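Asks: These protein sequence lines map, in sequence, to chains C and G. To convert a position in the first sequence, counted from 1, into our numbering, add 42. To convert a position in the second sequence, counted from 1, into our numbering, add 11. Take this structure first; my questions come after.
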Amino acid sequence: MVLLVVVLLNLPTQTVTKLKLAVSGLFLPLFGLAASSREATTRAGDALLSKRDLLREIKELGASNQVLNLQLLQTAEVWRENGRLSQMLNTARQRPWKLRMARVIAREPTTWWRSVWIDLGSRDGMRTNLAVLTPDCFLVGKVQTVGETRSQILLLGDPGLRVSVLAGTNNESGVVISISTSPRGNNLMDLAYLSAASRIHPGDKAITSGVGGVFPGGIPVGQVVDLQPQDNGLSMAARVRLFADLTALEEVWVILP
Amino acid sequence: MNWLNTIFILALAYLGAFLEGSFDLFRNLLGAQISLLPALMVYTSLTAGIGSVALLAVCGGLWLDSLSANPMGVSILPLFVIGFVILRNRDLLLREHRFAQMALGLAAGALFPLGTLFVLLNLGAAPLLGWRLLWQWLVAALSGGLLTPLCFWLFGRLRRAFAYPALRQSSFRPDREIKRGRQ
């Protein structure tokens, strides 16, 4: 038994990933069953909705659609202007994101890692290190392991995930890392490696910096809660409350390349 | 019945590992997930042989690790050690008593995460440790204590459903037999 464990723990990373996907593949029938029963429940719930509620919802959606169309027109104009300016300044123009919706099918069973499984895999164009967002477009994490029909997402707060961010009005750069000292550490993270002269205040927003190549710049991550000096005043560390509620993830966006 | 018992144990471990990953009621309610594997290991080590204990440790551990960010195989050793220790001492344990089952489940539920963390830390991994873990550890221990008697009850029902019923003692007594004819 010990030998088996030693062999398993010393397998090359690629083999371990393949083994993990193969073993978790045994759960595919149950994942399918769970998804279809969830769908049936949703359908039954939809059938029970009254016509009046539906009509009211259509009316509200129509109104919001008109507002969004106006905003889209304005955004298109800003986008064109941005393109012209980028061309004039000879800088690389940021491409629009290609998003793909995925459903969360399983969560991390242990308490010392943070990850979820989603129902998109390599056949849907997934690959490792893609950014994952909530439906409200807040940062969730990145793709860690990719199978044919499902992928594992490493969530913010996992010790293996560090995100470079910009915070405050002066765009101070720091790194969001997991926090382990808080008893309610579900959505509180440390914002570390801030310079001692940082002018960050509670309430300031943290967005991804785009440095590192995994996360595109500008994705909202969280809001600064408090700030304190570290290493005898040589640097500062802040705590950030995440915008994304990682405990209630049901659907997520994946930013495809 | 022995092989059927092992199949039932493995089927429940498979279902338990899946529910641990996909069933969110306890996670949302208690803030921590409960695990069926320690309770199942207590039942297996008290009622089955070393083969079943090893099979449950390997299959249960791999299933759990496959849905987690754990390195593959980390959960096998703690599960097996728990099962092996109970198996070695099971003649000294009052396994039919609910209290003994609960106490063993509590201990197994508490030791399983600790053992897994011990292996992880020895591998050089940096898992998320903190005060929150204490609450999750408490929930894991309590759930182990509560689920173990439930496992015994469930498998008792299954055994009764699939095994031949015990032969009832006959009311016939040879000394009360009426002998016909002369002897």
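Ideal Cβ positions, reconstructed from N, Cα and C, are used throughout, including at glycine. Being a predicted model, the structure only gives us computed values, none of them experimental.
L49(G) CB to nearest chain C CB: under 8 Å?
Replies: Note on identity: in this sequence residue 49(G) is Pro, with Leu being the wrong assignment. Cβ-Cβ to chain C under 8 Å: no for P49(G).
Asks: I'd like the span of the beta strand (DSSP E) that includes D268(C), first residue to last.
Replies: That run of the beta strand (DSSP E) goes 262-272.
Asks: Just reading off the beta strand (DSSP E) that I297(C) is part of, what are its end residues?
Replies: Per DSSP, I297(C) belongs to the beta strand (DSSP E) from 293-298.
Asks: What would DSSP say about A173(C), mapped onto helix, strand or coil?
Replies: Looking at A173(C) - three-state DSSP - the assignment turns out to be strand.
Asks: What does DSSP give as the partner residues of Q180(G) in its beta bridges?
Replies: Paired residues: none, contrary to the question.
Asks: Of the residues W14(G), L21(G), L51(G), V85(G), which one's Cα is nearest the Cα of N133(G)?
Replies: It is V85(G) whose Cα lies nearest to the Cα of N133(G).
Asks: Under DSSP, the beta strand (DSSP E) around Y235(C) begins and ends at which residues?
Replies: 230-237 is the span of the beta strand (DSSP E), which, as asked, contains Y235(C).
Asks: How about L197(C) and I261(C): are their beta carbons less than 8 Å apart?
Replies: Contact flag unset, no.
Asks: Are the C-beta of P176(G) and some C-beta of chain C separated by less than 8 Å?
Replies: Not closer than 8 Å to any Cβ of chain C, the Cβ of P176(G) fails to qualify, so no.
Asks: Please compile the residues from chain G whose C-beta is within a distance smaller than 7 Å of the C-beta of F257(C).
Replies: By Cβ distance, chain G contributes nothing, its closest Cβ being about 19 Å from F257(C), past 7 Å.
Asks: Going by Cα to Cα distance, which pick from L161(G), L78(G), G135(G) is closest to Q16(C)?
Replies: Residue 16(C) is absent from the model: chain C starts at 43 and stops at 299.
Asks: Using only CA atoms, which one of A80(G), K190(G), S182(G), A174(G) lies nearest to N13(G)?
Replies: Of the candidates A80(G), K190(G), S182(G), A174(G), the one whose C-alpha sits nearest the C-alpha of N13(G) is A174(G).
Asks: Compile a chain-ordered list of the residues in the segment 143-159 of chain C whose CB is closer than 8 Å to at least one CB of chain G.
Replies: The segment 143-159 of chain C vs chain G, Cβ under 8 Å: I147, A148, R149, E150, P151, T152, T153, W154, W155, R156, S157, W159.
Asks: Quick check: L88(G) and V47(C), are their CB atoms within less than 8 Å of each other?
Replies: Cβ atoms of L88(G) and V47(C): closer than 8 Å.
Asks: Is the segment 63-75 of chain G close to the segment 17-24 of chain G, with three or more CB pairs under 8 Å?
Replies: Touching, per the Cβ criterion.
Asks: Only counting the same chain, and skipping five residues up and downstream in sequence, which positions put a Cβ closer than 6 Å to that of P225(C)?
Replies: Caution is warranted here: a pLDDT of 47 is assigned to P225(C), below 50, making its placement in the model unreliable, and no coordinate value can be reported.
Asks: So the candidates are L291(C), Y235(C), F69(C); which of them puts its Cα closest to the Cα of I219(C)?
Replies: Closest by alpha carbon: Y235(C).
Asks: In chain G, which residues lie with their C-beta within 8 Å of the C-beta of K62(C)?
Replies: Near K62(C) (Cβ distances below 8 Å), the residues of chain G are D76, S77, M83.
Asks: For chain C, find out if any of its Cβ atoms is closer than 8 Å to the Cβ of S63(G); answer yes or no.
Replies: No, because no Cβ of chain C sits closer than 8 Å to the Cβ of S63(G).
Asks: So, with DSSP's three-state summary, where would you put P225(C)?
Replies: Confidence at P225(C) is low in this model, with a pLDDT of 47, below 50, so its placement is unreliable and the value that follows should be read with caution. In this structure, P225(C) counts as coil in the three-state DSSP scheme.
Asks: What does a CB cutoff of less than 6 Å around W159(C) pick up in its chain, not counting 5 residues either side in sequence?
Replies: The residues are I147, A148, R192, Q194.
Asks: Please confirm whether A68(G) has its beta-carbon closer than 8 Å to some beta-carbon of chain C.
Replies: At least one chain C Cβ lies under 8 Å of A68(G).
Asks: Against chain A, which members of the segment 121-133 of chain G pass a CB distance test of less than 9 Å?
Replies: Judged by its chain identifiers, the structure shown contains no chain A, and its protein chains are C and G.
Asks: Answer yes or no: does any C-beta atom of chain C fall closer than 8 Å to that of G32(G)?
Replies: Yes, G32(G) counts as interfacial toward chain C.
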